[in-house]
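If you read the sequence shown in my numbering, its first letter stands for residue 10, the second for the next number, and so on.
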Amino acid sequence: MELWYTEKQTPNLGITCLVRETLCHIKTPFQDLAVIDTLQFGKMLVLDGMVQTTEQDEFVYHEMIAHIAMQAHPNPKDVLVVGGGDGGAIREVIKYDSVESATLVEIDEAVVEMSKKYLPGISVGLSDPRVNVLIADGIKHVKESVGKYDVILVDSTEPVGPAVGLFSQDFYAGIYRALKKDGMLVAQTESPFFNRDLIRSAYSRIKSVFPLTKLYLASIPTYPSGLWSFTVGSKCYEPEEGKQKPVETKYYNSAVHKGAFCLPNFVSELLEAEER
């Protein structure tokens, strides 16, 4: 008998995958966590019924959340990743020789441990000596950090449960304070097809804090609609200008860097409506 997994992405739409095996399914203090092995996308991390990452397409998300800021900043030494317990964003960050310290703050220890156990290709960077993994509240960590980081990546889940506060005005203001005088923020900001109100509010909140704020896109097959947005806030460096530092990637390159900021009309109009 075949076993299929379905993520209901909206009340009217879902993504369905044929499952080879359920490797792990537990209740953590924060959420429902599962790792399933699918025939199409390989191993898949699922939190509260929502796909977070898969072996087949994870490189797109993790490269695009990391490399835009890491390339735009001329010398990122101290980097913070809030969330992202699977380790994929950290893996990309430590590809840069300039990085002296990469801190991962994840509220749910089980995400880190299950990713190490079942997703070694994604979590491989967590063993790097430059990486410090803290099992803690990212909001509190940001609030307690002042002028400490060159780049902060907010690799959050959808804005439910413990991740709700990661989309708030106070949190973005805290990130501004936690960054050095030339620091940069990148936050994942959901699908422009299905999460328009969230994109509007997140973009507006980040723009109210950072003098340079831009939204960019990437294509991620297993995420709702397959089109995903990220918002970058910068204190001084132009986000669209990558330094073309040599780094090994599967999706990101200098042309993709520039092209990611070329927005379809319906996305541009979404942001313009918020600014009016």
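Yeah, the Cβ is synthetic: ideal placement off N, Cα and C, and Gly gets one too. Treat the numbers as computed from the prediction; the structure is a model and nothing was measured.
C-beta contact flag for residue i and residue j at 7 Å
{"i": "Y225", "j": "F239", "result": "yes"}
{"i": "S263", "j": "G251", "result": "yes"}
{"i": "G92", "j": "D164", "result": "yes"}
{"i": "A111", "j": "V102", "result": "yes"}
{"i": "H82", "j": "M193", "result": "yes"}
{"i": "V195", "j": "A78", "result": "yes"}
{"i": "D57", "j": "D46", "result": "no"}
{"i": "D66", "j": "I208", "result": "no"}
DSSP state of residue i mapped onto helix, strand, coil
{"i": "G183", "result": "helix"}
{"i": "Q178", "result": "helix"}
{"i": "E72", "result": "helix"}
{"i": "E16", "result": "strand"}
{"i": "E257", "result": "coil"}
{"i": "D159", "result": "strand"}
{"i": "L207", "result": "helix"}
{"i": "A269", "result": "coil"}
{"i": "F39", "result": "coil"}
{"i": "E249", "result": "coil"}
{"i": "M79", "result": "helix"}
{"i": "N274", "result": "helix"}
First and last residue of the uninterrupted beta strand (DSSP E) at residue i
{"i": "H34", "result": "22-36"}
{"i": "V114", "result": "110-115"}
{"i": "G92", "result": "87-92"}
CA-to-CA distance, residue j to residue i, given in whole angstroms
{"i": "Y260", "j": "E72", "result": "7 Å"}
{"i": "Q18", "j": "S234", "result": "9 Å"}
{"i": "K223", "j": "S217", "result": "12 Å"}
{"i": "V88", "j": "L162", "result": "8 Å"}
{"i": "V60", "j": "Y232", "result": "7 Å"}
{"i": "Y105", "j": "V256", "result": "7 Å"}
{"i": "P156", "j": "G183", "result": "The sequence given here has Gly at residue 156, not Pro. Rounded to whole angstroms, G156 to G183 spans 10 Å at the Cα level."}
{"i": "R29", "j": "E118", "result": "26 Å"}
{"i": "V276", "j": "S200", "result": "10 Å"}
{"i": "Y181", "j": "I215", "result": "6 Å"}
{"i": "S177", "j": "C245", "result": "22 Å"}
{"i": "P20", "j": "L54", "result": "22 Å"}
{"i": "T258", "j": "L12", "result": "34 Å"}
{"i": "A290", "j": "I144", "result": "Within the shown structure, residues of the chain are numbered from 10 to 285, placing residue 290 beyond reach of any answer."}
Residues bridged to residue i [DSSP beta-bridge criterion]
{"i": "M53", "result": "I45, T63"}
{"i": "G242", "result": "L194, T222"}
{"i": "D137", "result": "Bridge partners of D137: none, in fact."}
{"i": "S228", "result": "L236"}
{"i": "L188", "result": "Y158"}
{"i": "D164", "result": "G92"}
Any non-hydrogen atom of the ligand SAM closer than 6 Å to residue i Cβ
{"i": "V102", "result": "Although the ligand SAM was asked about, the structure shown includes no ligands whatsoever."}
7 Å Cβ cutoff, residue i in contact with chain C
{"i": "Y232", "result": "Absent from the structure is chain C; it holds one protein chain and no more."}
Enclosing alpha helix (DSSP H) for residue i [first to last residue]
{"i": "I99", "result": "97-102"}
{"i": "I144", "result": "Looking at the DSSP string, I144 is not in any alpha helix (DSSP H); the run it does join, the beta strand (DSSP E), is 140-144."}
{"i": "K152", "result": "147-153"}
{"i": "K125", "result": "118-127"}
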